[in-house]
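Numbering (the numbering used here), first residue to last: 59 to 419.
Cβ coordinates follow ideal geometry from the N, Cα and C atoms, glycine included.
All figures in this text were calculated on a predicted structure; none of them were measured in a lab.
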């Protein structure tokens, strides 16, 4: 047992292990990919709808300040005013917020598919242990990896942002004598442009993080060979129990087969090693059917039962071997054996007419 506990986890996770992990909310997912998609999509929305948003917000501000002198300051007036402002802001910003929410949902769905579980929300008192928390933050391999990822992310995004800002500085000099609207428009376009460039860089890093999370997740799910064997044993059953079941099934099949021997029209033998019992009902069967077969002691028993019930026994070595090898119990004989079996049955029928209780050994 001591050796089993130190076995390396070299085996890929089984389907059962994956289902158990998924039921607990353990899936390969990158939170950074969600953030990157929301960031990039949000900036695209601002780029496409920015003018419309600014116009609507300007109308709200213009209406509020234009009528500021005519308002009677009381509870009802302030309440109505705030309600109108909130409704206009919701109508203006609602589509953007809805788009960002749908983007986050779509990103999660694309990574993990449909999944709903309360397992991740269940309280785990082990998380309240400060020593284990300090160990996870300062000592664990995962914390070191996360630190490295954050450093790379900060460097890459910082470099991209620097060059993006540097690209718009030259154009900003021409705005010194420009109007306020022109300056504000330039600042908005520059901010969205810089944001999109850094967002795309962040998205590329998030995609790499997603593949890393998949790799780390698969590595964490790996199993030892003993775990795989134990799981297979639990799923398929104990070998001794399965052997017992197979033994019972063989006995049941043997009794059923022997029960059908008296119903056969003929038993074809090898003559001592093989025995195959055939039955043919012209009204119900398209071809003769094997109702029993066996080798050795089973073949001997088939012949004994056939003799007890006056079932003809015919010696035909090639036909007996062919039937035993190619036809299973309950199946009809193949077309290539039709002629040989027909000759045997025709012979039996002729003999039965002359001597109904004839048995040929």
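Query	Result
Taking its Cβ as the centre, do 16 or more other Cβ atoms sit within 10 Å of residue 351, making it buried, or is it exposed?	buried
Go ahead and pull the three-state DSSP assignment for residue 226.	helix
Once DSSP output is grouped into helix, strand and coil, what is the label at residue 171?	coil
For residue 159, which residues does DSSP report across the bridge?	BP columns for residue 159 are empty, so no partner.
Does the stretch 103-115 come into contact with the stretch 236-252, if we say contact requires no fewer than three beta-carbon pairs (one atom in each stretch) closer than 8 Å?	yes
Judging by CA-CA distance, which residue of 119, 368, 213, 146 is the nearest neighbour of residue 319?	368
Hey, residue 385 and residue 392: beta-carbon distance below 8 Å or not?	yes
Could you pull out every residue in the same chain whose Cβ sits closer than 7 Å to the Cβ of residue 323, ignoring the five residues on either side in sequence?	336, 337, 338, 403, 406
Give the range of the alpha helix (DSSP H) segment to which residue 340 is assigned.	Run containing residue 340: none; DSSP gives neither H nor E here.
What residues are listed by DSSP as bridge partners for residue 335?	325, 350
For residue 100 versus residue 151, is the C-beta distance shorter than 8 Å?	no
Taking the alpha-carbon of residue 204 as reference, which of 366, 311, 381, 274 has the nearest alpha-carbon?	274
State the CB to CB distance for the pair residue 67 and residue 280, rounded to an integer number of angstroms; the pair is presumed to be in contact (CB under 8 Å).	4 Å
DSSP three-state label for residue 391, please.	coil
Across which residues does DSSP place residue 371 in a beta bridge pair?	325
Among the residues of its own chain, which have a CB less than 6 Å from the CB of residue 169, if the five just before and after it don't count?	87
Between residue 257 and residue 98, which are expected to be in contact by the criterion C-beta below 8 Å, what is the C-beta distance as a whole number of angstroms?	4 Å
Which same chain residues end up closer than 7 Å to residue 363 when comparing Cβ atoms and leaving out the 5 residues on each side of it in sequence?	316, 319, 320
When burial is assigned at 16 or more other CB atoms within 10 Å of the CB, is residue 78 buried or exposed?	exposed
Along the alpha helix (DSSP H) that carries residue 124, what are the first and last residues, could you check?	89-124
Taking Cβ to Cβ, would you say residue 373 is nearer than 8 Å to residue 345?	no
Assuming residue 215 and residue 259 make a contact with CB atoms under 8 Å, what is their CB distance in whole Å?	6 Å
Under 8 Å by Cβ, that's how I've got residue 353 and residue 377 pegged, so tell me the actual separation to the nearest angstrom.	That pair is no contact at about 15 Å.
On a CA-only basis, which of 388, 128, 111, 92 is nearest residue 343? Give me that one, please.	388
Are the beta-carbon atoms of residue 143 and residue 122 separated by less than 8 Å?	yes
Residue 348 to residue 334, Cα distance in whole Å?	7 Å
Which residues does DSSP pair with residue 69 in a beta bridge?	281
Go to residue 84, then tell me how far its alpha helix (DSSP H) extends in each direction, as first and last residue.	Neither: residue 84 is in no alpha helix (DSSP H) and is coded neither H nor E.
For residue 386, name the three-state secondary structure that DSSP assigns.	coil
Tell me which residue opens and which closes the alpha helix (DSSP H) that residue 131 is part of.	Segment: none, residue 131 is in no alpha helix (DSSP H) and carries neither H nor E.
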